[in-house]
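Residue numbers (the working numbering): 14 to 257.
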């Protein structure tokens, strides 16, 4: 295998419980399934179809969902659909949805971005996908409407490194190399005749931009049950923002 999942022999109260070893190329992305027993890893430089692998934690095995790549588009990111057996894989410019049971591609999304840096799927419906790009865009897709973006947001001055939905509240966030984190109120309606509502709420400023590499906020994640967000920056600091 091009990647190896090694389970720890430690007591369950201490970790790590597993180590992912890539035999060729670095692992650029790791995302968990909603139920917590599966996770997907991406290693863009891995040969053949080993760039995207699905790991079953409790059994300690690894599956290769795709055969040898037939195109030159290297996968950069991947995540699971929250409710359906779909795997969402992003290359630099496109996002593809695959049916894991039928082993077929069901949709190809055209982002219009130069290089996608982050993706996330709406945790409730799974019908909405956001992606951030190095050319400062945050793109929202409505899978029920079109293969092209429903809305493109340009609020940052530099590359976007992270985009996230909150799992409980109607919130989403984008973090950028400009050192800022933008918080949005986003409402998704059950009525298919109503379009999603996206409203800018506030800008979180606190991270310093690294003067050498020009990097700012590299990652962000919402608290699972509170309206809080954690951010990590190239300045070596992790912030917890409360009541965003």
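In this text, a Cβ means the ideal position worked out from N, Cα and C, and glycines have one as well.
Owing to the predicted nature of the structure, the values given are computational and were not obtained by experimental measurement.
Close beta carbons around residue i, own chain, < 7 Å, minus the five adjacent residues each side
i, result
"residue 96", "139"
"residue 261", "Limits of the chain in this structure are 14 at one end and 257 at the other, which puts residue 261 out of reach."
"residue 77", "62, 63, 66"
"residue 154", "122, 141, 142, 162, 163"
"residue 200", "183, 209, 210"
Pair within 8 Å by beta-carbon distance, residue i and residue j
i, j, result
"residue 256", "residue 237", "no"
"residue 142", "residue 173", "no"
"residue 148", "residue 177", "no"
"residue 123", "residue 135", "no"
"residue 151", "residue 203", "no"
"residue 157", "residue 205", "yes"
"residue 126", "residue 146", "yes"
"residue 128", "residue 93", "no"
Same chain, Cβ closer than 6 Å to residue i, neighbours up to 5 away in sequence not counted
i, result
"residue 222", "192, 229"
"residue 111", "100, 118"
"residue 53", "44, 67, 91"
"residue 258", "Summary: the structure shown does not reach residue 258, with the chain confined to residues 14 through 257, and so no result is reported for it."
"residue 243", "234, 253"
For residue i, the nearest candidate out of the options (CA to CA)
i, options, result
"residue 68", "88, 43, 149", "43"
"residue 50", "109, 72, 89", "72"
"residue 245", "227, 219, 225", "219"
"residue 165", "171, 87, 247, 144", "144"
Endpoints, beta strand (DSSP E) assigned at residue i
i, result
"residue 120", "117-123"
"residue 245", "242-246"
"residue 137", "Careful: residue 137 lies outside any beta strand (DSSP E) and carries neither H nor E."
Same chain only: Cβ atoms within 8 Å of residue i, ignoring 5 sequence neighbours per side
i, result
"residue 41", "55, 56, 57, 89, 90"
In chain order, which continuous runs of the beta strand (DSSP E) of length 3 or greater are located wholly inside the stretch 141-175?
The qualifying runs are 141-146, 151-155, 164-166.
Completely contained beta strand (DSSP E) runs for the stretch 32-116, where each covers 3 or more residues
Those beta strand (DSSP E) runs which fall completely within the stretch 32-116 and span 3+ residues are 42-45, 51-55, 65-69, 74-76, 90-93, 99-103, 107-112.
Sequence ranges, beta strand (DSSP E) only - wholly within the stretch 200-246, length at least 3
Every unbroken stretch of the beta strand (DSSP E) spanning 3 or more residues and falling wholly within the stretch 200-246 is given here in chain order: 210-218, 230-235, 242-246.
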